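Chemist: Sequences listed follow chains A and B, in order.
Here numbering that gives the first Met the number 0 is used: the first residue of the first sequence is 0, the next is one more, and so on.
Here numbering that gives the first Met the number 0 is used: the first residue of the second sequence is 0, the next is one more, and so on.
Quick one: structure below, then a few questions.
Number of protein chains: 2
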Amino acid sequence: MRTGERPSGRSVATAARGGGRSARVVAQVLRATAEQLGRVGYVALRVEDVAQNAGVNKTTIYRRWPTKADLVSATLRREGEACEGAPDTGSVREDLLIMLRRLVDHGRSPMVRVMMPEMTHPEVRAIANGLKHNFESEWVSVVARGVGRGELPAGTSPLLVTEIVTSAVIRRLIRGEEMPDEAFCESVVDLVLAGSVALAARRPRAKTG
Amino acid sequence: MRTGERPSGRSVATAARGGGRSARVVAQVLRATAEQLGRVGYVALRVEDVAQNAGVNKTTIYRRWPTKADLVSATLRREGEACEGAPDTGSVREDLLIMLRRLVDHGRSPMVRVMMPEMTHPEVRAIANGLKHNFESEWVSVVARGVGRGELPAGTSPLLVTEIVTSAVIRRLIRGEEMPDEAFCESVVDLVLAGSVALAARRPRAKTG
Numbered sequence: 000m001r002t003g004e005r006p007s008g009r010s011v012a013t014a015a016r017g018g019g020r021s022a023r024v025v026a027q028v029l030r031a032t033a034e035q036l037g038r039v040g041y042v043a044l045r046v047e048d049v050a051q052n053a054g055v056n057k058t059t060i061y062r063r064w065p066t067k068a069d070l071v072s073a074t075l076r077r078e079g080e081a082c083e084g085a086p087d088t089g090s091v092r093e094d095l096l097i098m099l100r101r102l103v104d105h106g107r108s109p110m111v112r113v114m115m116p117e118m119t120h121p122e123v124r125a126i127a128n129g130l131k132h133n134f135e136s137e138w139v140s141v142v143a144r145g146v147g148r149g150e151l152p153a154g155t156s157p158l159l160v161t162e163i164v165t166s167a168v169i170r171r172l173i174r175g176e177e178m179p180d181e182a183f184c185e186s187v188v189d190l191v192l193a194g195s196v197a198l199a200a201r202r203p204r205a206k207t208g
Numbered sequence: 000m001r002t003g004e005r006p007s008g009r010s011v012a013t014a015a016r017g018g019g020r021s022a023r024v025v026a027q028v029l030r031a032t033a034e035q036l037g038r039v040g041y042v043a044l045r046v047e048d049v050a051q052n053a054g055v056n057k058t059t060i061y062r063r064w065p066t067k068a069d070l071v072s073a074t075l076r077r078e079g080e081a082c083e084g085a086p087d088t089g090s091v092r093e094d095l096l097i098m099l100r101r102l103v104d105h106g107r108s109p110m111v112r113v114m115m116p117e118m119t120h121p122e123v124r125a126i127a128n129g130l131k132h133n134f135e136s137e138w139v140s141v142v143a144r145g146v147g148r149g150e151l152p153a154g155t156s157p158l159l160v161t162e163i164v165t166s167a168v169i170r171r172l173i174r175g176e177e178m179p180d181e182a183f184c185e186s187v188v189d190l191v192l193a194g195s196v197a198l199a200a201r202r203p204r205a206k207t208g
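So this is what it looks like as structure tokens:
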């Protein structure tokens with residue numbers, strides 16, 4: 000039973016939206032996992048401890064998330080929801096700033112700070128790579144909308160803009176350094192936007208006859 | 000006793016410049032350490048293996064580098080010499096590109112690729128932090144010279160330019176991703192330089208009366 004569900008046997012996602020007992024259990028377990036990750040990280044995380052803190056049976060967890068990697072992946076997805084949903088304010092500068100601030104906030108959470116140095120662990124890296132595509136595609140869509148509105152020139156590479164705007168924060172994050180302040184975020188976004196516009200002005204324009 | 004040296008009491012540095020036996024031993028040991036780092040990384044590195052590969056006694060190594068961290072730090076400094084010495088071509092774009100290409104080349108070496116994921120190890124991180132200042136100061140000096148020549152506007156922050164230009168490469172490096180190609184390096188440098196100029200044009204100019 001999957002999407003387009005029938006009356007009985009609701010999927011986890013439906014239950015989560017409905018807020019039933021199942022959704023409560025999911026929320027409790029993922030919250031407990033996030034807390035535990037913030038305390039001990041991925042490598043030392045024990046499903047037993049999560050079960051105890053969430054007040055559920057270990058088997059309840061294993062039934063839904065057969066491996067520790069599954070459980071942590073679901074937790075990061077849930078916690079990452081605060082970072083998700085590309086904004087659409089009508090201004091590419093505003094949208095990029097909103098996303099960069101979210102990334103900075105996310106990088107200040109205990110869970111992320113404890114887990115980041117564990118990026119070298121193959122399972123952690125696999126989990127992170129699984130989330131990376133979603134993350135990137137939202138940034139790319141924001142930049143692409145800016146191009147569509149004519150705020151950015153037609154030749155702009157959304158992926159390049161994304162990489163340059165996010166890398167300074169992600170580099171600090173991975174290295175466990177302090178997250179940048181608002182002024183830094185604005186400087187980076189403004190510099191990249193201004194640079195994109197200025198570079199395009201130098202290129203021979205394709206549309207001019 | 001080789002070129003231009005005094006009969007007795009030469010320092011290691013003098014010997015290194017002069018190319019005497021002491022310098023040869025240093026070179027052999029550091030080379031063997033670099034090779035071993037590229038094979039097994041920092042954590043698994045054993046001074047015994049380095050000694051054997053370099054054809055010297057373990058005590059010869061310990062006399063000069065009392066700890067594994069000392070030995071590896073010296074090796075990274077030596078290997079990093081290829082990345083050192085800020086260029087001064089008279090063009091900030093050329094200088095930045097030379098340094099970015101060096102960083103990319105450096106990031107392709109087996110030693111760096113094996114060690115980067117170990118950045119989370121406290122000793123590796125301490126070694127890297129010890130080298131970071133040198134690295135940053137050369138980038139900053141190149142950008143500052145560009146400002147001095149008027150290629151970049153007076154309000155430019157050399158540290159910000161450094162961070163934005165280097166972060167995309169360093170982020171890939173830390174995450175063990177592929178190093179970018181020449182086109183990517185040029186795009187980043189051009190975008191940051193064009194952005195710096197364009198942003199300054201928007202600021203009220205301090206020197207105008």
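Every residue gets a Cβ at the ideal spot worked out from N, C-alpha and C, and that includes glycine.
Quantities reported herein were computed from a predicted structural model and do not represent experimental measurements.
With DSSP as the reference, label A43/B as helix, strand or coil.
Modeler: coil
Chemist: Count the C-beta pairs between the segment 170-190 of chain B and the segment 167-179 of chain A that are closer than 8 Å, then say yes if the count reaches three, no if not.
Modeler: yes
Chemist: Does DSSP put N56/A in a helix, a strand or coil?
Modeler: Residue state, collapsed to three classes: coil.
Chemist: Any beta carbon from chain B within less than 8 Å of E211/A's own beta carbon?
Modeler: For residue 211/A there is no data in the structure shown, the boundaries of chain A being 0 and 208.
Chemist: How long is the line joining the alpha carbons of M178/A and M110/B, rounded to whole angstroms?
Modeler: 29 Å
Chemist: Using a Cβ-Cβ cut-off of 7 Å (strictly less than) and excluding sequence neighbours within five positions of V28/A, which residues of its own chain qualify?
Modeler: Counting only Cβ-Cβ distances below 7 Å, and skipping sequence neighbours, we find V49, A53, V55 and I60.
Chemist: In chain A, which residues lie with their C-beta within 7 Å of the C-beta of E135/B?
Modeler: Going along chain A, no residue has its Cβ under 7 Å from E135/B, so there is no contact; the nearest lies around 13 Å.
Chemist: So what's S156/A in DSSP terms, helix, strand or just coil?
Modeler: In the three-state DSSP reduction, S156/A falls in the coil class, being neither helix nor strand.
Chemist: Check whether the segment 104-123 of chain B and the segment 32-40 of chain B touch, using three or more Cβ-Cβ pairs below 8 Å as the test.
Modeler: Flag = yes, the segment 104-123 of chain B and the segment 32-40 of chain B touch.
Chemist: What do you reckon, is the C-beta of T88/B under 7 Å from a heavy atom of the ligand SAM?
Modeler: For the ligand SAM, the structure offers nothing, since it holds no ligand at all.
Chemist: In chain order, what residues of the segment 155-171 of chain A put their CB closer than 7 Å to some CB of chain B?
Modeler: L159, E162, I163, S166, A167, I169 and R170
Chemist: Going along the chain, which residues of its own chain have a beta-carbon closer than 6 Å to the beta-carbon of T74/B, five neighbours each way excluded?
Modeler: L29, T32 and A33
Chemist: Counting only runs of 4+ residues fully inside the segment 82-146 of chain B, write out the alpha helix (DSSP H) ranges in chain order.
Modeler: 91-107 and 109-114
Chemist: Assign L198/A to one of three DSSP states: helix, strand, or coil.
Modeler: helix
Chemist: According to DSSP, is L151/A part of a helix, a strand, or is it coil?
Modeler: coil
Chemist: When the Cβ atoms of the segment 88-103 of chain B are set against those of the segment 185-198 of chain B, are three or more pairs found closer than 8 Å?
Modeler: As far as the Cβ criterion goes, the segment 88-103 of chain B touches the segment 185-198 of chain B, which means the pair count is three or higher.
Chemist: Does the pairing of the segment 140-153 of chain A with the segment 189-199 of chain A give three or more beta-carbon distances under 8 Å?
Modeler: yes
Chemist: Which chain A residues are close to G147/B, counting only those with a beta carbon under 9 Å from its beta carbon?
Modeler: Chain A residues near G147/B: none, gap ~20 Å exceeds 9 Å.
Chemist: Name the residue from P65/A, R144/A and L36/A whose alpha carbon lies nearest to the alpha carbon of G95/A.
Modeler: Correcting the residue identity first, residue 95/A is Leu in this sequence and not Gly. Measuring from the Cα of L95/A, the nearest candidate turns out to be R144/A.
Chemist: Between D189/A and chain B, is there a C-beta pair that is closer than 8 Å?
Modeler: For D189/A, the closest Cβ of chain B is nearer than 8 Å.
Chemist: Can you give me the Cβ contacts of V191/A inside the same chain, cut-off strictly under 7 Å, excluding the 5 residues immediately before and after it?
Modeler: V160, I163 and V164
Chemist: Given a cut-off of 8 Å on the beta-carbon distance, is the pair I126/A and A200/A in contact?
Modeler: no
Chemist: Hey, quick one: how far does the alpha helix (DSSP H) through E78/B stretch, first residue to last?
Modeler: K67 to G79
Chemist: I'd like to know if P198/A contacts chain B, where contact means its C-beta is closer than 8 Å to some C-beta of that chain.
Modeler: Position check: residue 198/A holds Leu in this sequence, whereas Pro was assumed. Judged by the 8 Å Cβ criterion, L198/A is in contact with chain B.
Chemist: For chain A, is any of its Cβ atoms less than 8 Å away from the one on G37/B?
Modeler: no
Chemist: In three-state DSSP terms, what is G37/B?
Modeler: Reduced to three states, the DSSP call for G37/B is helix.
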